[in-house]
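Residue numbers (my numbering): 67 to 335.
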């Protein structure tokens, strides 16, 4: 029964066009559609338990800490709200979950175009008024991408101190650190590849001196041997999942180990 649900979800995602939003569309990237969110747990162990239960059924779920300190579980990527609702109701009927919430795509939560504001008109003048700077779509897009980088960084910081125990042996073998950054970007409305090596192949190249909040930083022996990734959060620091079962933490890029193994950085907004 669970396999049928998982297959249905995958088919719905593959047959429909990807949702569009303020996240930039680049090769290897896509915007996240509607998702299913379950639970409101004060104890992270309960969120971990539900996540593991879903993962054992082949559903790529992850748990995270909300701004109010409560933990929730999220999964799925659906083009329409109704698609997500049908799968969620099936899970409730089969007693996999007891209740659910349909998470709206990032594009609908954060509109690219802001509401116009009213200004007092200037007094009449014979002289031709100076031309006002034009807000082009490009300038709006750049601003939105900048905003999203900050949101990604602050989202990553909310994971700090959470024991990283999802993914890996149940969904995609060896996810670990890359699974963590994938979960953060998912919450920000962007689908990125699963492994750190695949993540390094997409996005825009960023120099170490040009790092901004939300950029991914990669480590390893060479560009072909990347084995670790984290999310830059400013002041030379990044958030990452050090190893299986360890708590997510903040580290400095100036630490000897990371200085020697730093390969590069990528930007996805």
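Beta carbons: idealized from backbone N, C-alpha and C, even for Gly. Keep in mind that this is a model prediction, so the values were computed, not measured.
Roughly how many angstroms lie between the CA atoms of residue i and residue j, to the nearest whole one?
i	j	result
residue 293	residue 126	21 Å
residue 320	residue 167	41 Å
residue 103	residue 222	18 Å
residue 157	residue 144	15 Å
residue 272	residue 331	5 Å
residue 315	residue 98	26 Å
residue 253	residue 262	18 Å
residue 136	residue 106	6 Å
residue 276	residue 323	21 Å
residue 151	residue 226	31 Å
residue 296	residue 155	35 Å
residue 100	residue 307	26 Å
So is residue i buried or exposed if we call it buried at 16+ other beta carbons inside 10 Å?
i	result
residue 121	buried
residue 309	exposed
residue 140	buried
residue 257	buried
residue 242	buried
residue 251	buried
residue 172	buried
residue 73	Caution applies to residue 73, whose pLDDT of 43 falls short of 50 and renders its modelled position unreliable; the value that the coordinates give is listed next. Answer is exposed; the Cβ neighbour count stays below 16.
residue 302	exposed
residue 248	buried
residue 244	buried
residue 149	buried
residue 29	No answer is possible for residue 29: it lies beyond the span of the chain, which begins at 67 and ends at 335.
DSSP beta-bridge partners for residue i?
i	result
residue 32	What the structure shows of the chain is the stretch from 67 to 335, and residue 32 is not part of that stretch, so it cannot be assessed.
residue 292	286
residue 102	141, 168
residue 127	141
residue 257	96
residue 270	333
Can you give me the Cβ contacts of residue i inside the same chain, cut-off strictly under 8 Å, excluding the 5 residues immediately before and after it?
i	result
residue 215	278, 279, 280, 281, 333, 335
residue 329	266, 284, 285, 286, 288, 289, 292
residue 224	130, 131, 132, 133
residue 327	285, 286, 287, 294
Using a Cβ-Cβ cutoff of less than 7 Å, which residues in the same chain neighbour residue i once the five nearest sequence positions on both sides are dropped?
i	result
residue 177	With a pLDDT of only 41 at residue 177, under 50, the local geometry of the prediction cannot be trusted, and the value read off the model is given with reservation. Cβ within range, chain order: n/a, list empty.
residue 228	110, 131, 313, 314
Return helix, strand or coil for residue i, following the three-state DSSP convention.
i	result
residue 142	strand
residue 169	strand
residue 247	helix
residue 265	helix
residue 307	coil
residue 108	coil
residue 312	coil
residue 324	helix
residue 302	coil
residue 318	strand
Given residue i, which residues of its chain have a CB within under 6 Å of its CB, disregarding the five upstream and five downstream residues?
i	result
residue 269	332, 333, 334
residue 164	none
residue 219	279, 280, 299
residue 116	105, 139
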